Each structure stands twice: as C-alpha cells, then as structure tokens.
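Contents: one structure, followed by commentary.
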Amino acid sequence: MNKRRWIGIGIAAALLGVSLVTSGLKKQEKTDKENTLTNMEQLLYGSGQLEESVLEEGNEEKRIVQLTVDGTITDTGESSSLFSTASYNHQQLLNELKEIQKDSTIKGVLLVVNSPGGGVYESAEIAKEIAKVQQKGKRLYVSMKSMAASGGYYISASADKIFATNETITGSIGVISSNLNYSGLLEKLGINDQTYKSGALKDMNSSVRPATEEDKTVMQAYIDSAYNRFVEIVANGRHLPVDTVKKIADGRIYDGSQAVKNGLVDEIGYQDDALKALKKENNLKDAEVFQYNVSATGFASSWLGSSLAEMQGLKQSDSSRIMSIVESIGTPEAPKPMYYYGGE
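When you line the sequence shown up against the numbering used here, it's residues 41 to 384, in that order.
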C-alpha cells in the first residue's frame, strides 16, 4: 500500500472519530435538555407520583387505605390525575391497587364506590387487580354511596363485605350495547350507502343499513358472553349459585335494602360504618387510615399552569379529552359493550 493511500485512510479515520465525538456530544446535549425539562416540569407541576395523605393517625404497621371510584369507569388515557378534571381516573386507580399489593403494612382496603359502571374491559381490569390485593391476604370492604350499579357492582362483588345505604342504587347486572340506525331516513332522502366488505358481518352494527338476522344473532351471542362473565363474577364473589344470580340479574336496579334481601349487599350503613366494621372485625382498631394523592403544586391548578401544560402536551386539551371519552365508550358507528346503568 503506497503512502498516498495511508494518508487517505488516516484522514478518513480522523473524520470518523470527529463524527462519533460530535454525535456523542449531541446525544448528551439532548439528554441534558430532556433531564432539565423533566426537572422543570416537576418543579412547576409536581412529580405526578402517588403520595400518601393520612386521614386518621394510628399504627403505621397495620394500615387501612381508602380508595374511591367516583364517576363512569372509562379510561381516557390520562396516566395521572395531576391535570385531570374528571372525577374518575382509571390509570391512577390501577396504580393505587398495584401499590397496595406491594405494601406489606397495608392490612385493609376500604373501597368507596359511587359509579353507574362503565366499560366492560376497564371493569374487568379493576376486578383483576382487586383479586390480586385479596390474594395478598388484605381485607377489602366496599362502601356504596348514592350509586354502585352495573360495572360499579362488578368491581364490588368480590369484596369481603359490602355496605350500602337504603337509598343506594345498585344492581343493574347486565351488558348493554346500543347504536342509532338511520338507514330509513337515508332511504327517504335518496341517499344510498356504498360499502365494500370482505364478509357479510364486516360492517355489523352499521348505522346506514338495516340489521340482518345474522347481525342480531352474532351481536346477541357477544353480549351474552360478557353477561355470563358478569354473572360468574357475582356468583363467585357473593357465594351464590349461578342460577340464583341469573334470577336477579336481569338488568333491574335495587335499592340498598332490596340488595340486602337478595344477597347482593351485606349490611346497611354509610362509609364510616364500613370503616368501623373493617377495623373491628379484622383486628385493625388502632390502624392508620390514609388515602393516595398525586404529587402536584399550586401552579398546576392555575390557569397559567394548566395552559402551559396543555401546550407542552402534558395535559389533554378539552377536545382531545372529549375524543378520548368517546373512544372509550364507543360511537354510534362502533358501539362497545358496557357494564353501565342507563345506556350510553
């Protein structure tokens, strides 16, 4: 190899080295900027991590945590309630249940439910995590407030004890999926649907054509499958025969006293009654009682903080939140089955 080629190789190697160093510096600079931004976000808004707020002082080695499900059980895609204006945050609840599973000091859980239910999938997600909590030997009592119907009952069914007031609306055990069909209107207006599909059922539940008998059969089978899962959850949780559950699970609602008589609820009482019973019946009289909160600062709740977070993509805009809710419960063109009292 002659001298000129050696010089060429040396120059190429030098350029490669410079390129690698420059690339490394740019990556480091980008990482530093991201870390700085993350630190700034935490300073402005809080870390968004779960924090504990003590409700009653007591034994820190035997603790009771209070969880709340307030609102429709849907997942709008927000990972924490730091900027959420909705009363229910699905991901936060799941995070709380997972944290409880890891915390050996937590001996009891008081789940306060005030919900008409919601998504089939989301309700099942909660029930799965609740089962894991109970498998860890932690006692779980439910206090039903004004409403714990359909999915609200689904997530309550496995509790060691359920309290409701006489005025509580509960039950509504069943599944619903509904959509609007305006094919008759389109026909009157002279508007024709033109759809190409790979199979007869590909556009099942279409709003622009009449439902066929095959459509109805398939959809009913789908609903019945979800319904049977609901019945099984109730039968196992309440230690009732499946046939007994099916007799009371026709979608109707019950007040608290009716629910006690048919075995869906254990006792009439309010939230403080449920907490007293949880303490007394499980050797937790001196237990500390606490709840989870999400770390935030006062700036996060201000108009300026909220607007800045929205521009940074840390908070959903009103329009994106509406779209998330619509997607979570389905649309007239693509309805979803719901454990929900009152339709969609």
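C-beta: ideal position from N, C-alpha, C; glycine also. Predicted model only: the values in this text are computed from it and were never measured.
{"Query": "Coarse secondary structure for Tyr381, derived from DSSP in three states", "Result": "coil"}
{"Query": "Gly191 to Ser163 span [Cα, whole Å]", "Result": "6 Å"}
{"Query": "Spatial distance of Arg292 from Lys316 (CA atoms)", "Result": "31 Å"}
{"Query": "Residues that DSSP places opposite Leu15 in a beta bridge", "Result": "Any answer about residue 15 is impossible in this case: the structure gives the chain only from 41 up to 384."}
{"Query": "Closest residue to Val271 among Leu137, Gln260, Val258, Val285 (Cα-Cα distance)", "Result": "Val285"}
{"Query": "Residue burial classification, Gly86 (beta-carbon count within 10 angstroms, cutoff 16)", "Result": "Unreliable positioning characterises Gly86 in this predicted model, as indicated by a pLDDT of 49, which lies under 50. The coordinate reading is nonetheless provided below. Result: buried."}
{"Query": "7 Å Cβ shell around Leu95 - same chain, five flanking residues per side excluded", "Result": "Gln106, Val329, Phe330, Gln331"}
{"Query": "Where Tyr310 sits in the DSSP three-state scheme", "Result": "coil"}
{"Query": "Thr112, buried or exposed, once every other Cβ within 10 Å from all chains shown has been counted against 16", "Result": "buried"}
{"Query": "CA-to-CA distance, Gln141 to Tyr379, given in whole angstroms", "Result": "26 Å"}
{"Query": "Backbone secondary structure at Gly191 - three-state DSSP", "Result": "helix"}
{"Query": "Test item: CB-CB of Ala204 and Ala188 under 8 Å", "Result": "yes"}
{"Query": "Per DSSP, the bridge partner or partners of Thr108", "Result": "Val152"}
{"Query": "Residue burial classification, Pro250 (beta-carbon count within 10 angstroms, cutoff 16)", "Result": "exposed"}
{"Query": "Three CB pairs or more closer than 8 Å across the region 140 to 157 and the region 97 to 105", "Result": "yes"}
{"Query": "Closer than 7 Å: Arg249 CB and nearest the ligand GTP heavy atom", "Result": "As far as ligands go, the structure on display features none, and thus does not contain the ligand GTP."}
{"Query": "Cβ separation of Gly214 and Ala299, assumed to be a contact under 8 Å, to the nearest whole Å", "Result": "About 15 Å; that fails the 8 Å criterion."}
{"Query": "Neighbourhood of Ser144 by C-beta distance below 8 Å, restricted to the same chain and skipping five residues each side", "Result": "none"}
{"Query": "Spatial distance of Ser218 from Ala327 (CA atoms)", "Result": "46 Å"}
{"Query": "Assigned exposure category for Glu253 - 16 Cβ within 10 Å defines buried", "Result": "exposed"}
{"Query": "C-alpha distance - Asp306 paired with Ile202, whole-angstrom precision", "Result": "5 Å"}
{"Query": "C-beta atoms of Asp115 and Ser155 nearer than 8 Å", "Result": "no"}
{"Query": "Inter-residue Cα distance where the pair is Ser198 and Thr208", "Result": "18 Å"}
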